[in-house]
Structure formats: C-alpha cells, structure tokens
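Here is the structure we will look at.
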Amino acid sequence: MENDAATLYCPNEYCQAANPLTHKFCQRCSTPLPKRYLWVVGDSLSLGSPGEILADRYLVLGQSIIFDLKPGLLPQVPELDNLEKIKAYLKLIPYRLHIPQVYGVLSLNQGQSQPEILLLEKPPLLADSTDTQVNLCSELTAAWGDASSMRQINWLWQIAHLWQPLATEGVASSLLDPYLIRVEGSLVRLLELRFDSSQTSPTLSQLGAFWQQLLKNAKPAIAGFLKQISDALIEGEINSSEQLITVLDQALAGLGTASCGRNSPIQSTTIKIITQTDTGPSRQRNEDACYPPSGVIVSKPPQQTALAIVCDGIGGHEGGNIASNLAIETIQQQVIQLTSVPFENIDPLILLSDLEQAIALVNDKISQRNDTEHRQGRQRMGTTLVMALPIAHEMYITHIGDSRAYWITRHGCYQVTLDDDVACREVRLGYAIYREALQHSGSGSLVQALGMSKSASLHPTSQRFIIDEDAVFLLTSDGLSDFDRVEECWETEILPVLNGDTNIETAVSRLMEIANTKNGHDNVTIALVHYQVKYCEPDIILKAEIPDISASNTVNLTPKRTNGTALGNSDQPTQVIPETKPARASKLPLQLLILLGVLLAAGSLGYWLKIQREPQSTSEPPIPSLSPQPTTTATPTPQSSENQ
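With this note's numbering as the guide, the letters of the sequence shown map in order to residues 502 to 1145.
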C-alpha cells in the first residue's frame, strides 16, 4: 500500500493532518487512524493501476480493492432512486458477520451517465501487520482440505443458515459461487452478493451439487456424512433449509460428544470469565450491573455453568440501577436452571426458546414494577442486556438495547450484535445506508429495552455460534463501545490474551482504563469470556439421519429475535415461563418421558404459533419485524446498529 503521493488524513475535524499510510495514530493529535479497505462491486471495472487515487480520496490497491484516505468524511451515498438496487445488502444487515455492508458509492465521471460504483466495507480481506499488503481471504474450496472435521461441518452449517434469508432477498446464488464464498478462520464470509436470475431461483439441489465437489478433501470422519446429505439435497430428500440445518446440527452434536485416542473428547474447552463495572469519571451513580459480580473470576471447569451478563440501566436516579440489578438477578437464576443438564441432553432450538422466555420474564418483572409505581413515559425504569452463555463448543448470545457483544479471534474483531436504535432500524427497512443513517438526528435513540412495555411487544435477538478455535467474547455497555474504542484497541488489549501474553484480569482493567480516559461520559461495564479450545480428529464415522420435517414446523435461527419466531409476521403474545421453571426433559419422571415423544412431535409447531407484535418505544415508532419465517416470503426488517 506504499504510495509517495498518498497520505491518510486524520478523521478529527479539528486536525485533518496528513499522515503516512502505515501510521496507526495521527502524528499531530494522536487520534486513531481508521484503516478502511473497501471492495468495489462490478464486472471488469477499470479503476486504474495500483497507486492511483480516485475522486481525490480512494487509493487503488489492486483489482476491485481500494483504501479510503479520508475516513473522517461521509462517503457519497446512493441516490434515493438507486436504493432499490442495494436493498438486499441493507435488509441483510443482521447477517453482516457474513455479508459486507454498503459503505457508499463512487462516481468516477461527474456529469456523465456512467452508473455509480458500489463500495462495500469490511469485506473478507487480510492486511499484514504493517498494513502495506492486502489480500482476499481464501476461498472455502481452497481452505477446505486443511480444516478439521468440526470446522468443515461448521462452515456448511453457516451456509445452511444463510440460505433462507438470502433466498428471500433474491441473492441465494451467492452461496453457489465458489469465488464469492471466503473463509476467515471459522467464519464464512461473502465477498459480495450475486443476484438471482429473474427466470429461475437457485435450488437446494444445486447447493448439493456444489457440496459434492467438497467430498474429495473432506475429513474421513465426515466424508460419508457429506456424501449422504449432498445426495439427499440433489435428490430432494432434503427439501428445505430447516431440514438441512437439523441434519447438520445432528452432525455437530455427534462431533461434540465424540472421542479420539484414549476416549478423550475431540474438543475440550476451558472457559474463564471476569467482569468489571465502574461509575466512570462523570457520573454520580452506577446504573450498570453485571454477572458474575464485578471482579469475580469464574472458570468452567470446575464450575458447571459459565454465564456472563452486562446490563446498562435506563432511568437515572429514578431506577436504572434497580432495573439492571433486577434483570441480572432474575436472568442468572433462570439460565442456571436451563443448563443444569449434560450438554448431550440440550436441544439448541429448545434452549434458544427457553432463553427467550427467560428474557420475557425479566421484562415483565421490570414492567410490572413500573406499573406498580405508576411510572409513565421516560420515568419508566428499564435496562439493556447482553448475555453470553457458552456450552461445550457452542456460544449463545442474547441481547436487547445497545449493550454489545464482540467476538475476537486471532483473525479479527467482529461485532455480533446490532444496537436496537433508530439508525439500524432505518437500514433494515432499506431506507438508508448505515453511515448515512448515523448522521440523522436521534440516530442513536433506543427503540426498545427491557421494562418499557409488555413482552408481547419485545423483540430481543438470540444467536448461536459454533466455536472451534480460541476466542474471547467481549460484552460491554456503551461506556466502552462508543466512539469505536473496541475496534481501536482490540489488537493491543485483547489479542495478547489469545496469544498467551497477558490474562483477562489485566485485559479487563486496561479496557476499563481506556473507557474512562478516552470516553469517560458514562458508567462502564465489561465482561470478558475467554474460550480455550483443544482439538483432535475423532475416531468415528458420522452417518446422517435425514429427518422428515414438513415446512410447517421447522425453524430457521440465525440471527433470531427471541420471541419464539424467526422474526416473521405475527400477532400473538410471547408466552412467559413461570418464575420456578419446571425441570428439563432429562430430569422428568419416567411417565412424563412417555409423553415427551408426543410433545416433541408438536413442539416446533407450537413454537411457531407464538407470534410477535411490533415493539413499542417511548420515543420512536414501533420497529417492524425482521427476518422471514421459513414458510413465508415475509420481508426482513430492522432492529439495531453499530458505531463504526
């Protein structure tokens, strides 16, 4: 990326000094310098040679890769008439972990009829430690042979979860193009979206044919399984993405309980959690709360359950601290009950539903207290919530509001939650690109939080991730995440934890110091969940059991609003579990186990009969529903945001 004529301009509007491209901080004012590498969408685009500067702003690095030299300026945004062409990107922002988002557009010839060039941010690119060389991440097909059995199934599992939402937006063809499907560690990441033909829509049979090409280099433990499901897709025996997800879930569970060598598990995990909360330099009271209690370290093993929660209270001295502490107390009691059974007895879909009901219980407890104390409007106390529940090789993240979860690996830092604010709602509706939406008045206003209304109008988000490598999950209130502090400091403060150069106790203290000195405008609460993974190839051969799942009783889950649906169009209220939740299936008396077979047959159908309403907000109009239900073509819509 070396270019004598190119300089990186400070984003600080009061400085704007020119800096060498390799600098990480402004040499004049020490402001961090964002490095924004962009992917240019288009066929056979002639952008010029590497080293050329386009529109006095973008440095050409290679074919279809450019670098923003003026990251402090708002990019050119598409004309309103052109928003229709990029709505698939906007509406799929809940899947931005896998799909790059629109950064802006570029017009090379002003005044001419040449169409605007679309620029995507956070594409699957890798920069070296000096930021001087940038390359595309490997294609899945190229990296496939070197991946473990767990990772190979994990990649297919992610693609299966992307199929339905991409098909709904008319871009499922993206999952059939090997060039577009890249991998960054354990993550599947698309280079761009490919629009489906107007004549024919892509089919699961075509996906099966694509997956057949992976058989040659599949690990022995899963080669037979992959052939089974590829054939089943081609022949139509697997005819829905939900059925495919169910089969892949079985494979993940099989690997998760398999052994290698002397009956040791193929993947063993050690989890360590620490939290810290602080009033901050400018507040008189701390309305945040966390679990485990601030400063306490929890390790699993020996503890049976590992859980991290961060809450940011709303309501000032009127009761934000009461709401956040009530949420912590209630949710941790519920989750400990849910996870008091062995991993092999936990059904991921049931657990996600149980987490949803636990959130509903918390919400109604706070809401009922508001009603009892006759609190109205902005006097109502409430709280945001973000929760991490690691179980074996899986991580469950549930959130509502603008407290965030970040997933940090040796490959990168990924924000996995979307703030429930006005800006992201605009994006999900397809009304604006994210960076433009941030400029609007009230863009950071929350559209929902716990305690503000009944559970029928509550739409928290729940996600499940497969963990097959060392990772740190960072949960934080906006006291740290505001002004991109996490993106600025993860390499210096969290990556050393993964490399063994520091521990999470030191890391959380350093992050707190950064929050208080560089932000300092709010309370700060931080939780770090350090996931350490040891893996060996299994000595089993997986076989697929193809379930007979009809379209009417299946579930598509990533990401999922935890009101019991995959964010479809419904009106019935969410059911709320009683405070003393009955034991899970593994602890039921024998006579109840007899009933379980019947109940499970209707279970997922009942699960889908719980329907959602539009959420309410004290200051904003209701947020629309988001992702489509598997059996409908409902249009996905918004719910959150990020400050980038």
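Note that beta-carbon positions come from the ideal geometry of N, C-alpha and C, so glycine has one too.
Counting along the chain, the unbroken alpha helix (DSSP H) around residue 651 starts and ends at 650-669.
Note on geometry: alpha-carbon atoms of residue 653 and residue 979 lie some 35 angstroms from one another.
The Cβ atoms of residue 813 and residue 789 sit closer than 8 angstroms to each other.
Taking each of 538, 561, 553, 690 in turn and checking the Cα distance to residue 629, the smallest one comes out for 538.
In this structure the stretch 867-878 does not lie against the stretch 800-812, because fewer than three pairs of beta carbons, one per stretch, are closer than 8 angstroms. Per the coordinates, the alpha-carbon of residue 793 lies some 13 angstroms from the alpha-carbon of residue 836.
Within the DSSP bridge table, the entry for residue 814 names 884 as partners.
Inter-segment contact for the stretch 1017-1030 and the stretch 971-990 is present: three or more beta-carbon pairs are separated by less than 8 angstroms. Contact between residue 856 and residue 907 does not hold, since the beta-carbon distance rounds to 20 angstroms and is not under 8 angstroms.
In this structure, the straight-line span from the alpha carbon of residue 635 to that of residue 741 is close to 38 angstroms. For residue 596, the number of other beta carbons within 10 angstroms of its own is at least 16, and it is reported as buried.
Counting C-beta pairs closer than 8 angstroms gives three or more between the stretch 664-679 and the stretch 687-698, which meets the contact rule. With respect to residue 731, residue 709 sits close: the two C-beta atoms are nearer than 8 angstroms. The residues 512, in chain order, have a CB closer than 6 angstroms to that of residue 573 in the same chain once the five nearest residues on each side in sequence are set aside. Exclusion of the five residues before and after residue 571 leaves 510, 558 as the residues of its chain whose Cβ lies within less than 6 angstroms of its Cβ. The alpha-carbon separation between residue 807 and residue 774 amounts to approximately 7 angstroms. Between the alpha carbons of residue 716 and residue 844 lies a gap of roughly 29 angstroms. Ranked by Cα distance from residue 1014, the options 743, 726, 550, 781 are led by 781. Residue 910 holds the alpha-carbon nearest to the alpha-carbon of residue 967 among 554, 910, 543, 601. Counting every other CB atom within 10 Å of its CB across the protein chains shown gives residue 726 a total of 16 or more, marking it as buried. About 12 angstroms separates the CB atoms of residue 938 and residue 946; that is not less than 8 angstroms, and the two are not in contact. One thing to note: residue 768 has its Cβ within 8 angstroms of the Cβ of residue 1034. Between the C-alpha atoms of residue 929 and residue 1043 there is a straight-line separation of about 39 angstroms.
Rounded to the nearest angstrom, the gap between the Cα atoms of residue 751 and residue 666 is 22 angstroms. Here residue 900 is near residue 962, since their CB atoms are less than 8 angstroms apart. Between residue 1016 and residue 981, the CB-CB gap stays under 8 angstroms. Relative to residue 660, the option among 933, 646, 606, 687 whose CA is nearest is 687.
When C-alpha distances from residue 971 are compared across 514, 1011, 567, 895, the shortest belongs to 895. Between residue 1047 and residue 748 a beta carbon distance of about 6 angstroms is seen, short of the 8 angstroms cut, so the two are scored as contacting.
Taking a contact as a CB-CB distance under 8 angstroms, the pair residue 757 and residue 815 does not count as one, their CB atoms being some 38 angstroms apart. Sequence-distant partners of residue 867 (beyond 5 residues in either direction) whose C-beta falls short of 8 angstroms from its own C-beta, in its chain, are 824, 827, 828, 882, 883, 884, 951, 952. Under the DSSP assignment, residue 925 falls in the alpha helix (DSSP H) whose first and last residues are 923-929. The Cβ atoms of residue 576 and residue 543 do not sit closer than 8 angstroms to each other.
Per DSSP, residue 745 is one residue of the alpha helix (DSSP H) stretching across 742-757. Beta-carbon to beta-carbon, residue 959 and residue 859 are separated by about 12 angstroms, too far to satisfy the 8 angstroms threshold. The same chain holds no residue with a CB closer than 6 angstroms to that of residue 1000 once the five nearest residues on each side in sequence are set aside.
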